[in-house]
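**Student:** Chains L and E supply the protein sequences, listed in that same order.
The C-terminal position of the first sequence is numbered 255 in our numbering, with every residue numbered one higher than the one before it.
The C-terminal position of the second sequence is numbered 255 in our numbering, with every residue numbered one higher than the one before it.
2 protein chains.
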Amino acid sequence: MTPMLYTVADRSARIEVHPSTFDDRQAIYDILIGSGIFNQSDAECVDEMFLETWRAPMRDDRYRWLSCRWDGRTVGFACYGPESLTDRTWDLFWICVLPEARGRGVGRTLLTEAETQSRRAGGRLMVIYTSSAPKYAPARRLYESAGFTCVAVVPDYYAEGDHLNIYWKRL
Amino acid sequence: MTPMLYTVADRSARIEVHPSTFDDRQAIYDILIGSGIFNQSDAECVDEMFLETWRAPMRDDRYRWLSCRWDGRTVGFACYGPESLTDRTWDLFWICVLPEARGRGVGRTLLTEAETQSRRAGGRLMVIYTSSAPKYAPARRLYESAGFTCVAVVPDYYAEGDHLNIYWKRL
Numbered sequence: 085m086t087p088m089l090y091t092v093a094d095r096s097a098r099i100e101v102h103p104s105t106f107d108d109r110q111a112i113y114d115i116l117i118g119s120g121i122f123n124q125s126d127a128e129c130v131d132e133m134f135l136e137t138w139r140a141p142m143r144d145d146r147y148r149w150l151s152c153r154w155d156g157r158t159v160g161f162a163c164y165g166p167e168s169l170t171d172r173t174w175d176l177f178w179i180c181v182l183p184e185a186r187g188r189g190v191g192r193t194l195l196t197e198a199e200t201q202s203r204r205a206g207g208r209l210m211v212i213y214t215s216s217a218p219k220y221a222p223a224r225r226l227y228e229s230a231g232f233t234c235v236a237v238v239p240d241y242y243a244e245g246d247h248l249n250i251y252w253k254r255l
Numbered sequence: 085m086t087p088m089l090y091t092v093a094d095r096s097a098r099i100e101v102h103p104s105t106f107d108d109r110q111a112i113y114d115i116l117i118g119s120g121i122f123n124q125s126d127a128e129c130v131d132e133m134f135l136e137t138w139r140a141p142m143r144d145d146r147y148r149w150l151s152c153r154w155d156g157r158t159v160g161f162a163c164y165g166p167e168s169l170t171d172r173t174w175d176l177f178w179i180c181v182l183p184e185a186r187g188r189g190v191g192r193t194l195l196t197e198a199e200t201q202s203r204r205a206g207g208r209l210m211v212i213y214t215s216s217a218p219k220y221a222p223a224r225r226l227y228e229s230a231g232f233t234c235v236a237v238v239p240d241y242y243a244e245g246d247h248l249n250i251y252w253k254r255l
């Protein structure tokens with residue numbers, strides 16, 4: 085349903101990022117389930133956000149989606165959007181890449197593109213909420229290598245011993 | 085539409101807290117507009133959350149509402165609920181009292197009741213996201229006097245110089 089507005093491809097054209105279409109719904113669900121990081125509750129939460137995006141009149145107001153194809157297969161996605169009631173603060177809600185496609189710059193390409201599009205839409209700041217759990221260490225390294233700083237920690241937020249880390253970057 | 089499950093009243097019965105009903109919609113909107121703190125965007129955001137609460141199938145899943153009457157008039161409300169994808173972390177989304185009813189314990193009664201109901205529903209932790217702006221100083225004092233701690237600050241989150249303060253309390 086969303087027209088393909090732009091495509092970002094690496095030199096070999098093996099990695100291609102584009103705005104998700106409604107047809108990506110199942111692929112996004114499968115990426116979360118196959119991630120080894122997120123669980124079914126997460127996947128259902130994302131699916132609800134995805135459906136909400138295509139449901140009038142909220143469409144495009146809150147959530148924007150990027151899909152990444154690697155050798156023609158959808159292997160990653162990102163969801164981002166403006167935070168309501170803030171002055172141009174944007175949020176990277178979700179980013180996920182299938183295990184077999186990791187280490188090839190898919191996550192970095194998605195993150196960079198989410199930043200670029202947020203900036204173009206007037207974004208001033210980007211925040212990312214993530215867990216302190218060990219399984220999210222690669223994600224935290226990705227954010228840090230992209231210039232995000234962990235500016236705040238909310239202890240035991242997700243569960244006892246599982247803190248909320250808030251990453252932050254000026255766009 | 086929501087049955088009145090409980091009522092908390094002070095000794096003089098001048099302050100009465102009860103779960104909001106759909107009939108409180110206009111009063112809640114008017115409280116925000118009349119607060120001198122929140123603006124129309126805030127009021128519209130709350131109204132959307134309020135409508136979402138009464139819209140199947142999400143009803144009661146995310147947002148719970150308390151209204152406070154003072155001498156029979158609805159002068160304050162609170163909105164709270166579980167944070168998705170956390171282990172029993174609850175969020176106080178909104179609390180607001182009309183200026184003419186402040187300093188009489190309305191905010192404290194609403195906050196205490198939100199904590200009590202969250203605890204009864206299994207809540208482990210309560211978090212409150214608020215602004216560092218001077219106009220929110222009375223709200224921050226209320227949270228601190230109720231035992232909440234500011235555990236994290238996200239710089240420039242709401243706007244340049246307007247930080248996000250995250251308050252936190254074990255239930």
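For every residue, glycine included, the Cβ atom is placed at its ideal position computed from N, Cα and C.
Compare the Cα-Cα distances from E/P218 to each of E/R172, E/C234, E/E167, E/G245 and report the closest residue.
**Tutor:** Within the second sequence, residue 218 of chain E is the residue found at index 134, counting from 1. E/P218 has its Cα closest to that of E/G245, out of E/R172, E/C234, E/E167, E/G245.
**Student:** Return the residue from the list L/T170, L/Y241, L/T137 that minimises the CA-CA distance to E/Y241.
**Tutor:** As a position in the second sequence, residue 241 of chain E is number 157, starting the count at 1. Among L/T170, L/Y241, L/T137, the Cα nearest to that of E/Y241 belongs to L/T170.
**Student:** Can you give me the Cβ contacts of E/G160 inside the same chain, cut-off strictly under 8 Å, excluding the 5 residues immediately before and after it?
**Tutor:** Numbered from its first residue, the second sequence carries residue 160 of chain E at position 76. If we look at E/G160 and ignore the five residues flanking it on each side, its Cβ neighbours are I115, S151, C152, W154, I179, C180, V181, L182, A185, V190, G191, L194.
**Student:** Using 8 Å as the threshold, is the C-beta distance between E/C234 and E/Y213 below it?
**Tutor:** In the second sequence, counting from the first residue as 1, residue 234 of chain E sits at position 150. In the second sequence, counting from the first residue as 1, residue 213 of chain E sits at position 129. Cβ atoms of E/C234 and E/Y213: not closer than 8 Å.
**Student:** For L/Q201 and L/R157, which I take to be in contact (beta-carbon distance under 8 Å), what is that distance rounded to the nearest angstrom?
**Tutor:** Sequence index remark: in the first sequence, residue 201 of chain L carries index 117 (1-based). Sequence index remark: in the first sequence, residue 157 of chain L carries index 73 (1-based). The Cβ separation is near 23 Å, so there is no contact.
**Student:** Residues of chain L with a CB under 7 Å from the CB of E/V235: which are they?
**Tutor:** Numbered from 1 along the second sequence, position 151 holds the residue referred to as residue 235 of chain E. V238, P239, listed in chain order.
**Student:** Give me whichever residues DSSP pairs with L/F161 in a beta bridge.
**Tutor:** Stepping through the first sequence from its first residue, residue 161 of chain L is reached at position 77. DSSP output for L/F161 lists L/S151, L/C180 as bridge partner(s).
**Student:** In the DSSP output, what is E/N123 paired with across the bridge?
**Tutor:** The sequence position of residue 123 of chain E within the second sequence is 39, counting from 1. Answer is none; E/N123 lacks a bridge partner.
**Student:** Going by Cα to Cα distance, which pick from L/N249, L/A162, L/A243, L/R254 is closest to E/R172?
**Tutor:** Position 88 of the second sequence, counting from 1, holds the residue named residue 172 of chain E. Per the Cα distances, L/A243.
**Student:** If the criterion is Cβ atoms closer than 8 Å, does the pair E/L255 and E/E199 meet it?
**Tutor:** Against the second sequence, residue 255 of chain E aligns to sequence position 171. Against the second sequence, residue 199 of chain E aligns to sequence position 115. Going by C-beta atoms, E/L255 is nearer than 8 Å to E/E199.
**Student:** In or out: E/L135 buried (at least 16 other Cβ within 10 Å) or exposed?
**Tutor:** Locating residue 135 of chain E in the second sequence gives position 51, where the first residue counts as 1. By the neighbour-count rule (16 or more Cβ atoms within 10 Å), E/L135 is not buried but exposed.
**Student:** Which of the residues in the region 202 to 221 of chain L, read from start to end, lie with their CB under 9 Å from any CB of chain E?
**Tutor:** The region 202 to 221 of chain L vs chain E, Cβ under 9 Å: R208, L209, V211.
**Student:** Which same chain residues, not among the five before or five after E/Y113, have their C-beta less than 7 Å away from its C-beta?
**Tutor:** Position 29 of the second sequence holds residue 113 of chain E. Within the same chain, E/Y113 has close Cβ partners A127, D131.
**Student:** Per DSSP, which one or two residues make a beta bridge with E/K253?
**Tutor:** Within the second sequence, numbered from 1, the residue matching residue 253 of chain E stands at position 169. Answer is E/M210, bridged to E/K253.
**Student:** Within 10 angstroms of its Cβ, does L/M88 collect 16 or more other Cβ (buried), or is it exposed?
**Tutor:** In the first sequence, counting from the first residue as 1, residue 88 of chain L sits at position 4. Below a pLDDT of 50, predicted positions are generally treated as unreliable, and L/M88, at 43, falls in that range; the measurement from the model is reported next regardless. Exposed.
**Student:** Excluding the five sequence neighbours on either side, which residues of its own chain have a C-beta within less than 7 Å of the C-beta of E/G120, listed in chain order?
**Tutor:** For the purposes of this step, residue 120 of chain E is taken as residue 36 along the second sequence, with counting starting at 1. If we look at E/G120 and ignore the five residues flanking it on each side, its Cβ neighbours are P183.
**Student:** Within its chain, find whatever has a CB closer than 7 Å to the CB of E/M85; leave out the 5 residues flanking it on each side and keep chain order.
**Tutor:** Here residue 85 of chain E refers to the residue found at position 1 of the second sequence. Any reading at E/M85 is ruled out, since the residue's pLDDT is 35, under 50, leaving its predicted position unreliable.
**Student:** Is L/L226 helix, strand or coil when you go by DSSP?
**Tutor:** Residue mapping note: residue 226 of chain L aligns to position 142 of the first sequence, counting from 1. Three-state DSSP puts L/L226 in a helix.
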